[in-house]
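> Numbering-wise, the working numbering puts 891 at position 1 of the sequence shown, and it's gapless, one number per residue.
Every residue, glycine too, gets a C-beta built ideally from N, C-alpha and C.
Structure incoming, see below.
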Amino acid sequence: MIGFAVRRLVGLVPTLLVLVTLSFFIIRLAPGSPFDQEQVLSPAIRANLDAAFGLDQPLVTQYGRYLAGLARGDLGPSFRYKDFRVTELIAGGLPLSLTIGFAAAILAFLVGVPLGAWAAWRANTWTDRALMSVAMLGVVLPGFVVGPVLALLFGIYWPIFRIAGYEPWNPSFLVLPVVTLALPVAAYAARLMRTSMHEVLQSNFVRTARAKGLPTRVVLLRHALRPALMPVVSYLGPAVAFVLTGSLVVESVFGLPGSGRFLVQGAIDRDYTLVMGMILVYGVFTLVCNLIADMLYAWLDPRVRLS
């Protein structure tokens, strides 16, 4: 297992390099400049600003300087937020975004996996059809629809949770954003688990366990659960990537001071370094989550380690 993890960690380095390279050059293909604004700048002021931030250098030189700074852990200065480094801006909002994202992912799998297994056990009954219908609805409804509906129901009609502003260490502000993010992931995980568990329950070894007279709980937990979880574990990486990027919408809906606003505003303002920093941070977390998912998959299926 350790050798498997080391090989995957080494494989993350070229992936991150490709991500940084593509992001760096694609962002600079966008028309305009970080210093475009309503007031037209004189050529002298524009030249001074470009020189101050190194934008007067060739793209290859800028790329080399960015990689050198990245090797030191420096994401560069923000073009729009004066006197702030990109690292400082991201560090200010990232803990909240990660809290919402990972809480949503945990909630989604804790809810979706048992419901999917239950639907598979009760296949072709009204329970199965009802659960899968609700799951389909959860998959197709976007966060910018679910969020306002939940805020209207549980923040205004029944004021159970807070829906405006944010107070640290007050979970009342985070319940609705977490549920909004978790709903589509839980719905998809439930459908995935239902399909996988249904196939496993038709397997010969499960039929043998049933023929021996084993209790339902033993058949499900000891014999069917582990192989049925493998497709769900494969979905772990994309699910975490979804909740991390989906937090951009949720933070806007509920007015939370997370780091997602920096990616949106940075793209609007053409703040190259800020957008690059956000892409890199989200990319690292996505790759790490994919690594964890692969390690869990290798634990569930030892044949993966041999390959």
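Determine the direct distance from the alpha carbon of L1146 to that of E1057, and round the result to whole angstroms.
Indexing the sequence shown from 1 puts residue 1057 at position 167. Indexing the sequence shown from 1 puts residue 1146 at position 256. If I take the Cα positions, the gap works out to 10 angstroms.
> Please check the pair L1021 and A1009, which I expect to be a contact at CB under 8 angstroms, by giving their CB distance rounded to whole angstroms.
For the purposes of this step, residue 1021 is identified with residue 131 of the sequence shown, where counting begins at 1. For the purposes of this step, residue 1009 is identified with residue 119 of the sequence shown, where counting begins at 1. Confirmed, about 4 angstroms.
> Unbroken alpha helix (DSSP H) runs of length 4 or more, entirely within the stretch 1109–1169: which are they?
1115–1124, 1126–1144 and 1150–1159
> Please classify S1149 as buried or exposed, where buried requires at least 16 neighbouring CB atoms within 10 angstroms.
The sequence position of residue 1149 within the sequence shown is 259, counting from 1. So S1149 counts as buried.
> Buried or exposed for T1176, going by 16 or more other Cβ atoms inside 10 Å?
Taking the sequence shown and counting its residues from 1, the one referred to as residue 1176 is at position 286. By the 10 Å Cβ count, T1176 comes out buried.
> Under the three-state reduction of DSSP, which class applies to L1196: helix, strand or coil?
Stepping through the sequence shown from its first residue, residue 1196 is reached at position 306. For L1196, the predicted structure reports a pLDDT of 48, less than 50, and the residue's modelled location is therefore unreliable. A value from the coordinates is still provided. Residue state, collapsed to three classes: helix.
> With DSSP as the reference, identify every bridge partner of R955, one or two as the case may be.
Residue 955 sits at position 65 when you count from the first residue of the sequence shown. Bridge partners of R955: none, in fact.
> On the criterion of 16 or more Cβ atoms from any shown chain inside 10 Å, does F1152 qualify as buried, or is it exposed?
Residue 1152 sits at position 262 when you count from the first residue of the sequence shown. Buried, since its Cβ has 16 or more Cβ neighbours within 10 Å.
> With distances taken between CB atoms, is the gap from F925 to Y1162 smaller than 8 angstroms?
To locate residue 925, count along the sequence shown from 1; it is residue 35. To locate residue 1162, count along the sequence shown from 1; it is residue 272. It is not a contact, given that the beta carbons lie outside the stated cut-off.
> According to DSSP, simplified to helix, strand and coil, what is R1278?
The chain is shown from 891 up to 1197; residue 1278 falls before or after that span and cannot be answered.
> Using a Cβ-Cβ cutoff of less than 7 angstroms, which residues in the same chain neighbour D1184 once the five nearest sequence positions on both sides are dropped?
Taking the first residue of the sequence shown as position 1, residue 1184 is located at position 294. Closer than 7 angstroms at the Cβ level, and outside the excluded window around D1184, lie R898.
> Assuming V1035 contacts F1051 under a Cβ cut-off of 8 angstroms, what Cβ separation, rounded to an integer in Å, is found between them?
Counting from one through the sequence shown, the residue named residue 1035 turns up at place 145. Counting from one through the sequence shown, the residue named residue 1051 turns up at place 161. The Cβ separation is near 18 angstroms, so there is no contact.
> So, is P1032 buried or exposed, given that buried needs 16 or more other C-beta atoms within 10 angstroms?
Counting from 1 along the sequence shown, the entry for residue 1032 is found at position 142. The residue is exposed, with fewer than 16 neighbouring Cβ atoms inside 10 Å.
> Taking the alpha-carbon positions, what's the I1088 to Q947 distance?
By one-based count along the sequence shown, residue 1088 stands at place 198. By one-based count along the sequence shown, residue 947 stands at place 57. It should be noted that the sequence gives His, not Ile, for residue 1088. Cα-Cα distance, rounded: 60 angstroms.
> Between L1000, S1086, Y1047 and S1124, which has its C-alpha nearest A1188's C-alpha?
Numbered from its first residue, the sequence shown carries residue 1188 at position 298. Residue S1124 is the option with its Cα nearest to A1188.
> With DSSP collapsed to three states, give me the class of P1032.
For the purposes of this step, residue 1032 is taken as residue 142 along the sequence shown, with counting starting at 1. Note: P1032 maps to coil in three-state DSSP.
> Using the Cα positions of L909 and P1049, report the straight-line distance between them to the nearest angstrom.
Looking up residue 909 in the sequence shown gives position 19. Looking up residue 1049 in the sequence shown gives position 159. Cα-Cα distance, rounded: 44 angstroms.
> T1085 lies in the alpha helix (DSSP H); which residues open and close that run?
As a working mapping, residue 1085 is identified with position 195 in the sequence shown. Looking at the DSSP string, the run of the alpha helix (DSSP H) that includes T1085 is V1065 to L1091.
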